[in-house]
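Scroll down for the structure; my scribbles are underneath it.
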Amino acid sequence: MLSSAQLIEFANNNGIPLWALNASIALVMAIVVFAICGLGVIVFVYMERKVSADFQLRWGPMHVGWHGTLQLIADALKLFSKEDVFPRNADPWVFRLAPIFMFLPAFISLMVMPIGPGIVIQDLNVGLLYILAITSISVAGIVMAGFGSYNKFAVIGSLRSAAQMVSYEVPRALSIIGVVMIAGSGKLSSIVGAQHIWYAILQPIGFVVFFVSSLAETNRAPFDLPETEAELVNGYYNEYSGMRFMFFLFAEYIALMSASALTVVLFLGGWHGPGPEFLGPIWFLVKLFAVIYVIMWIRWTLPRFRIDQVMDLGWKVLLPLALLNIFITGIIMLVI
Amino acid sequence: MDLIKMSRVKEQRVSKKTPIKQDLDKLEQSLELELPETDKEIDSLRTEELIVNFGPQHPSTHGVLRAVFTLDGEIVRKIEPHIGYLHRCFEKIAEKRTYAQFVPFTDRMDYISAVLNNWAYSLTVEKLAGIKVPERAEYIRVIIGELQRIAAHLFSLGTMGVEAGALTPFLYFIDEREKILWLFERVCGARLTYNYINIGGVRADVPEGWLEDALSFVHHLKKSIIDYDKLLIGNYIFKKRMVDTGKFSAVEALDWGLTGPPLRSTGVAYDVRRSDPYSVYPRMDFDVVVRYNGDNYDRVIIRSEEIKQSIRIVEQAIEQIPDGPIMAEGVSRELVPPIGDAYGHVESARGDLGYYIISDGTPKPYRVKIHGPSFGNLQALPAMAKDSYIADAILTIGTLDTVFGEVDR
Amino acid sequence: MSGEHILDTDGHDNGDIGGVKIVKEDGIGYSITVNREDLLTAAAGCKEAGFDLLIFVGGVDMPDTIKLVYRMVSTKKVNKLGMIIKTEVPKSDPVIDSVTSIWSSANWHERETYDLLGVKFKGHPNLTRIFMPDDWVGHPLRKDYKDDRMIPFEGFTTNGSDKNE
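Protein sequence lines, in the order shown, are assigned to chains Y, F and C. If you're matching positions, the first sequence starts at 134 in our numbering and goes up one per residue. If you're matching positions, the second sequence starts at 6 in our numbering and goes up one per residue. If you're matching positions, the third sequence starts at 81 in our numbering and goes up one per residue.
Have a look at this one:
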């Protein structure tokens, strides 16, 4: 998409160098994705508040706009205009960079997400590897936030997070291998293209392992140990306020979005659905929201695990299951 | 910068002077020699303990507990509770008030179960002054007191869920508690600090139709509590978190002076309603709930089971309640008990709540000593949560169910 | 005759603990009054007799002495009873043995009594103030306690009007 023939021709005719063309297209794309992210986050936060309210016999936001639809915009404005509290002993650079490090990986992992047939910003051949590699960077952001803010709660939270993310990275990556084996490609659009039967049905074990470890990767309940408000008072982003806090919130929801999108792409048939092909993005969105709803449902129902139980689950249950999944897939492929 | 430069210079010098082979040999030799040394280093690595100050402003310290945790990684090696942030010295205030004037202060002690505090104080003053409380008032006290116990236990179960990370059950429990508060509001107009049970009886009779409403509420709760049990207590993760954490044996519990649900969870069936019966409890048919494991899970279960027992008591009391006066005759605001002392205690939602009052023959008490069960229960925390995970220590604070109005008084 | 006796006969024949007669008082139940030297033996005797749960330790500021009250209950016997040990220490020398060696739970109760009434407990592991700040001067529950920030207040009269007005 970046270098379509007409655009290159247009550039050649008008004497625009190719690098400038690519850069400007990339910039436009980034802004578009950023806008989508912003909108998505507002929608997801609103959805989270309404879903949780529904579960908890409450109304949720009701006063600003119709059924509180403008509440999130008001909240965002409030967070923008709040004072930026900077802890005296915090490391200035690390403290400031941490929210960006949190935010970027989730953000750029959306670049390879095919939301419809041919609708993808950059369809990398190694898209799957790219996503796995990129999303694990966000742990750096968490650790930076923890160590940079000079707060013991934050340090404990970030250490927990590092341990958790590192140990769930492994089953998550292994659970995907089954999908790659069936689809025969690491390119996300070809995985979706090959997916006439949902891989959630062909790969039930892989799906469960992937979903659970995605929850752990995105620090969602029941694996939200790094930010346990009952023990660590929101853990690693304890010291952040205003804008920076909003960045963490942003990053959290974009990570949720990207994890759910990846689930849809890998296991739930991506854009496939009944009806003509141009309905693809709509099916994608429907599935995306369904997955996010399930994740919220889990969050607002279950208590959270303890750190040692999280580790046990990762290494003693999910990892063997993921290996078993690869083994079974391999045998079946050999037989067929 | 200088250091980096110097090290570079050193490297160069070394590499210039010695051939690579010799260097490698030296390296190997040094590695072999140093192996035991590095082992020692690894052993001596984990030495630093982290001291973290939890509270007094912390979401799960139930008020104003300040606890200094000494952490070894995720494990709590030592807890030092510091209390007194809510200390108002009610015992001193009591000496300046008349007997009747002190009743509202007892509300502020354990503000989650205020009526039971009213009751304990009134009971003691009645003992001191030899007042006989009319039958109907006793029944109303039992009904109100048991509803209050249900409310306090519901609150405790809800916050327990929050501490374990389940935010939704809290709202369900609070919703049920709210219905109890509405009932209380109809009786005395207040929602949290009631000042309802007074010396000699209760302040007002229950309104028309209230008893039926209370009965229909407990019938409703009887059904819904089963769902809530499934939602929170039956939850796999909740069980996994709670079972075998914060364990205490009966011997330890008695040594540390636990009362109430924490004591009963270790297998000691000590309930003031049975062991030193007051009011009309001897006529009630209910069980003292006892569990034997003494861990966090048992403490939670006991609260849930006690709600069921309290429902039984409310049902019986509403069935048996007679007509009659609700205030003892001859109890005036100028109550002057004879010289002497009295000790009265009730089973509050958190344990054995006692008042020891000395009268010197004046309208004001000479000394009011208050024993809040939370105070006794909280001091077992360091022993109970030692060598557990941080998350479990927080849960232990929760299952002890301390209310700081009562700890600090 | 040992303390076991009172537990079995429900108080008709009260018996004694460590040679001190158990009396039954109205409004309190069973109590024994001991000298301060005998406190530890009396407390140990009570625990021996089955009063295994210490409920509280409290102090009262009497004109010349400070009266100490130890309340304990028995959880083992079927008819669970309470017992109060009463003792006194002179104000000039408010020192008494700590019972923390018998019940660990006495720890905070004794700290509280020290904090508010100034009774010193010998053998207490950590006798510091518990409610008041560590640098507080005086013991608030003493009748003669004075403080610069205290507003002179004689309390309300029984008919509800403020005496100070």
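Backbone N, C-alpha and C fix where the C-beta goes; we use that ideal spot for every residue, glycine too.
Pop quiz: residue i and residue j are said to be a contact at Cβ under 8 Å. What is the actual Cβ separation, rounded to whole angstroms?
i, j, result
"G107(C)", "D346(F)", "7 Å"
"P436(Y)", "A171(F)", "4 Å"
"L451(Y)", "V345(Y)", "6 Å"
"V397(Y)", "G403(Y)", "6 Å"
"D224(C)", "F211(C)", "D224(C) to F211(C), Cβ: 19 Å. No contact."
"V120(F)", "I202(F)", "6 Å"
"E131(F)", "I230(F)", "Not confirmed; about 33 Å, so no contact."
"I399(F)", "H158(F)", "I399(F) to H158(F), Cβ: 20 Å. No contact."
"E452(F)", "R82(F)", "In the structure as shown, chain F starts at 6 and stops at 414, and residue 452(F) therefore has no counterpart that could be examined."
"T271(F)", "A258(F)", "4 Å"
"S178(C)", "E190(C)", "6 Å"
Taking 8 Å as the threshold (C-beta atoms), are residue j and residue i in contact?
i, j, result
"N301(F)", "M247(F)", "yes"
"A223(Y)", "Y369(Y)", "no"
"V114(C)", "I135(C)", "no"
"T401(F)", "M389(F)", "yes"
"L321(Y)", "P247(Y)", "yes"
"T462(Y)", "G317(Y)", "no"
"R212(Y)", "Y179(Y)", "The displayed chain sequence assigns Leu, not Arg, to residue 212(Y). Taking 8 Å as the Cβ cut-off, L212(Y) and Y179(Y) do not qualify as a contacting pair."
"F74(F)", "F95(F)", "no"
"L335(Y)", "I309(Y)", "no"
"I270(Y)", "A295(Y)", "no"
"E168(C)", "T193(C)", "no"
"I459(Y)", "L307(Y)", "yes"
"Y426(Y)", "V184(Y)", "yes"
"L197(F)", "L152(F)", "no"
"D276(F)", "R269(F)", "yes"
"S300(Y)", "P220(Y)", "no"
"S111(C)", "K156(C)", "no"
"R102(F)", "G410(F)", "no"
Is it buried or exposed, residue i, if we count other Cβ atoms within 10 angstroms and call 16 or more buried?
i, result
"V199(C)", "buried"
"I231(C)", "exposed"
"Y283(F)", "buried"
"Q297(Y)", "buried"
"L40(F)", "With a pLDDT of only 49 at L40(F), under 50, the local geometry of the prediction cannot be trusted, and no value is derived from it."
"K235(F)", "exposed"
"G203(C)", "exposed"
"G349(F)", "buried"
"E142(Y)", "exposed"
"N352(Y)", "buried"
"N145(Y)", "exposed"
"G218(C)", "exposed"
"W188(C)", "buried"
Using only CA atoms, which one of the options lies nearest to residue i?
i, options, result
"L120(C)", "P170(C), V103(C), F136(C) and Y150(C)", "Y150(C)"
"P304(Y)", "M162(Y), S347(Y), V288(Y) and I334(Y)", "S347(Y)"
"V69(F)", "Y144(F), V305(F) and P61(F)", "P61(F)"
"D217(Y)", "A327(Y), G375(Y), G281(Y) and A316(Y)", "G375(Y)"
"A340(Y)", "Q255(Y), F438(Y) and L401(Y)", "Per the sequence shown, residue 340(Y) should be read as Phe rather than Ala. Ranking Q255(Y), F438(Y) and L401(Y) by Cα distance to F340(Y) puts L401(Y) first."
"S118(F)", "D232(F), L358(F) and E100(F)", "L358(F)"
"I531(Y)", "L243(Y), I141(Y), W199(Y) and A209(Y)", "Because chain Y in this structure spans residues 134 to 469, residue 531(Y) falls outside the shown range and cannot be described."
"P355(Y)", "V166(Y), N155(Y), W199(Y) and I440(Y)", "I440(Y)"
"S127(F)", "V108(F), I331(F) and R191(F)", "V108(F)"
"R355(F)", "I98(F), N122(F), L91(F) and E53(F)", "N122(F)"
"L257(Y)", "I267(Y), A266(Y), N352(Y) and V245(Y)", "V245(Y)"
"V167(F)", "Y263(Y), T361(Y), G326(Y) and M379(Y)", "T361(Y)"
"I331(F)", "D218(F), F178(F) and G206(F)", "G206(F)"
"L405(F)", "R141(F), G335(F) and G299(F)", "G299(F)"
"F131(C)", "I164(C), K101(C), F201(C) and G138(C)", "I164(C)"
"V294(F)", "V285(F), P267(F) and S337(F)", "P267(F)"
Please confirm if residue i has its CB atom under 8 Å from at least one CB of chain D.
i, result
"R229(C)", "Included in the structure are the protein chains Y, F and C, with no chain D among them."
For this session: Could I get the ranges of all uninterrupted alpha helix (DSSP H) runs contained in the region 285-330 of chain F, with 4 residues as the minimum, in chain order?
Result: Listed in chain order, they are 301-325.
Exercise. Residue ranges of each alpha helix (DSSP H) run of no fewer than 4 residues wholly in the region 164-222 of chain Y, ordered along the chain?
Worked result: The qualifying runs are 204-214.
Problem set entry | Contiguous beta strand (DSSP E) assignments of at least 3 residues, all confined to the region 332-377 of chain F | Annotation note: the region 332-377 of chain F contains the following uninterrupted beta strand (DSSP E) runs of length 3 or greater, listed N- to C-terminal: 345-352, 357-364 and 370-376.
For this session: Any chance you could list the alpha helix (DSSP H) runs of at least 4 consecutive residues sitting entirely within the region 365-430 of chain Y, in chain order?
Result: Within the region 365-430 of chain Y, the complete alpha helix (DSSP H) runs of at least 4 residues are 375-400.
Exercise. Whole beta strand (DSSP E) runs in the region 142-178 of chain F with 3 or more residues, listed along the chain?
Worked result: Runs of the beta strand (DSSP E) inside the region 142-178 of chain F: none found.
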